[in-house]
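Trainee:
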Amino acid sequence: EAQVTQNPRYLITVTGKKLTVTCSQNMNHEYMSWYRQDPGLGLRQIYYSMNVEVTDKGDVPEGYKVSRKEKRNFPLILESPSPNQTSLYFCASSSRTSGRAIVDNEQFFGPGTRLTVL
Amino acid sequence: RKEVEQDPGPFNVPEGATVAFNCTYSNSASQSFFWYRQDCRKEPKLLMSVYSSGNEDGRFTAQLNRASQYISLLIRDSKLSDSATYLCVVTYTGNQFYFGTGTSLTVIP
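As they're listed, the protein sequences go chains V and D.
When we follow the working numbering, the leftmost residue of the first sequence carries the number 1314, and every step to the right adds one.
When we follow the working numbering, the leftmost residue of the second sequence carries the number 5, and every step to the right adds one.
#1: Run through the DSSP bridge pairs and tell me what V:VAL1327 is partnered with.
#2: List, in order along the chain, the chain V residues whose C-beta lies closer than 8 Å to that of D:THR105?
#3: Would you check if the distance between the CB atom of D:LEU78 and the CB atom of D:ALA24 is smaller than 8 Å?
#4: Decide if D:CYS44 is buried, meaning its Cβ has at least 16 other Cβ atoms within 10 Å, or exposed.
#5: For V:LEU1431, which three-state DSSP category applies?
#6: Could you tell me which residues DSSP pairs with V:THR1318 in its beta bridges?
#7: Going by CA-CA distance only, name the one from V:THR1335, V:ASN1341, V:SER1362 that's closest to V:PRO1388.
#8: Can you list the residues of chain D that V:MET1363 reaches, using a CB-CB cut of under 8 Å?
#9: Buried or exposed: V:VAL1430, going by 16 or more other Cβ atoms within 10 Å of its Cβ?
#10: Quick check on DSSP: helix, strand or coil for D:SER85?
#11: Can you pull the chain A residues whose beta carbon is under 9 Å from the beta carbon of D:ARG45, in chain order?
#12: Got a sec? Which residues, its chain only, sit under 6 Å from V:GLY1425 by beta carbon, not counting five neighbours each side?
#13: Kindly list the residues whose CB is nearer than 6 Å to the CB of V:TRP1347, restricted to its own chain and excluding five residues on each side of it in sequence; keep chain order.
#14: Terminal residues of the continuous beta strand (DSSP E) containing D:ALA71?
#15: Mind checking if D:LEU51 is an interface residue toward chain V, Cβ cutoff 8 Å exclusive?
Structural data, given as structure tokens:
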């Protein structure tokens, strides 16, 4: 089954304790992205990756790191989490199709990770 | 100024009603437009792309007005299963996706 998986689905942690949220897709998609969703602010893009070893900042990258060593995986790293990073996080992937750029195509989202930083 | 703005609602409509949502975007150099649906804080899923000529998918019609920089979604004959949050999405050539905050729809029996 074609899917995007995220782990963990729920996480409660404390300020300053490094954590990683994993994201994996089995659709051979070039493009992967991380979003956070907060009430009243909608989904905001944190980082995105056009392909292996290529990553770029989105609108809200502060406090986050990513890496793209393999095409299927795109982990999100919080080196020193703070309470303002409490949020619902989504990973997504997308692909280029014939005649269409990546941003012209559907994004497939993972189930989300609900993070609470105390 | 937000890239994409939507009326958050909520819209509460009876079954069978027609309801319309609008979404405005700020950057005239926008490339692609979509409507996504999100149920109860689950992951967003693509509802439909929005094309310049307008497009229809069953009970759903999407329209784009580049001159006024807005897109719309019309839902006819609303079903209980249409209850969800509808997200407007706009992209630019910089490979980023911009989401609106969503419009909440509840269809009432």
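By construction, the Cβ of each residue, glycine as well, lies at the ideal position given by its N, Cα and C atoms.
Mentor: In this structure, then:
#1: As a working mapping, residue 1327 of chain V is identified with position 14 in the first sequence. Note: V:VAL1327 sits in no beta bridge, so no partner.
#2: Along the second sequence, read from residue 1 onward, the residue named residue 105 of chain D stands at position 101. Per Cβ cutoff of 8 Å: GLY1353, LEU1354, GLY1355.
#3: Residue 78 of chain D sits at position 74 when you count from the first residue of the second sequence. Residue 24 of chain D sits at position 20 when you count from the first residue of the second sequence. Contact: yes.
#4: Indexing the second sequence from 1 puts residue 44 of chain D at position 40. Counting the other CB atoms within 10 Å of its CB gives D:CYS44 a total below 16, which places it among the exposed residues.
#5: As a position in the first sequence, residue 1431 of chain V is number 118, starting the count at 1. V:LEU1431: coil per DSSP, three-state reduction.
#6: Position 5 of the first sequence, counted from the first residue, corresponds to residue 1318 of chain V. V:SER1337, per the DSSP bridge assignment.
#7: Taking the first sequence and counting its residues from 1, one reaches residue 1388 of chain V at position 75. Cα-wise, what sits closest to V:PRO1388 is V:THR1335.
#8: In the first sequence, residue 1363 of chain V corresponds to position 50, counting from 1. What V:MET1363 touches in chain D: ASN99.
#9: Translated into the one-based positions of the first sequence, residue 1430 of chain V becomes position 117. With 16 or more Cβ atoms within 10 Å of its Cβ, V:VAL1430 is classed as buried.
#10: The sequence position of residue 85 of chain D within the second sequence is 81, counting from 1. Correct three-state label for D:SER85: helix.
#11: Among the chains of the structure shown, chain A does not appear; the protein chains present are V and D.
#12: Counting from 1 along the first sequence, the entry for residue 1425 of chain V is found at position 112. Taken in chain order, the residues that qualify are LEU1401, PHE1403.
#13: Position 34 of the first sequence, counting from 1, holds the residue named residue 1347 of chain V. Cβ neighbours of V:TRP1347 beyond the five flanking positions: ILE1359, TYR1360, LEU1389, CYS1404.
#14: In the second sequence, counting from the first residue as 1, residue 71 of chain D sits at position 67. D:ALA71 -> no beta strand (DSSP E), and no H or E assigned at all.
#15: Reading the second sequence from its first residue, position 47 is the one you call residue 51 of chain D. Chain V, which has no Cβ nearer than 8 Å to the Cβ of D:LEU51, makes this no.
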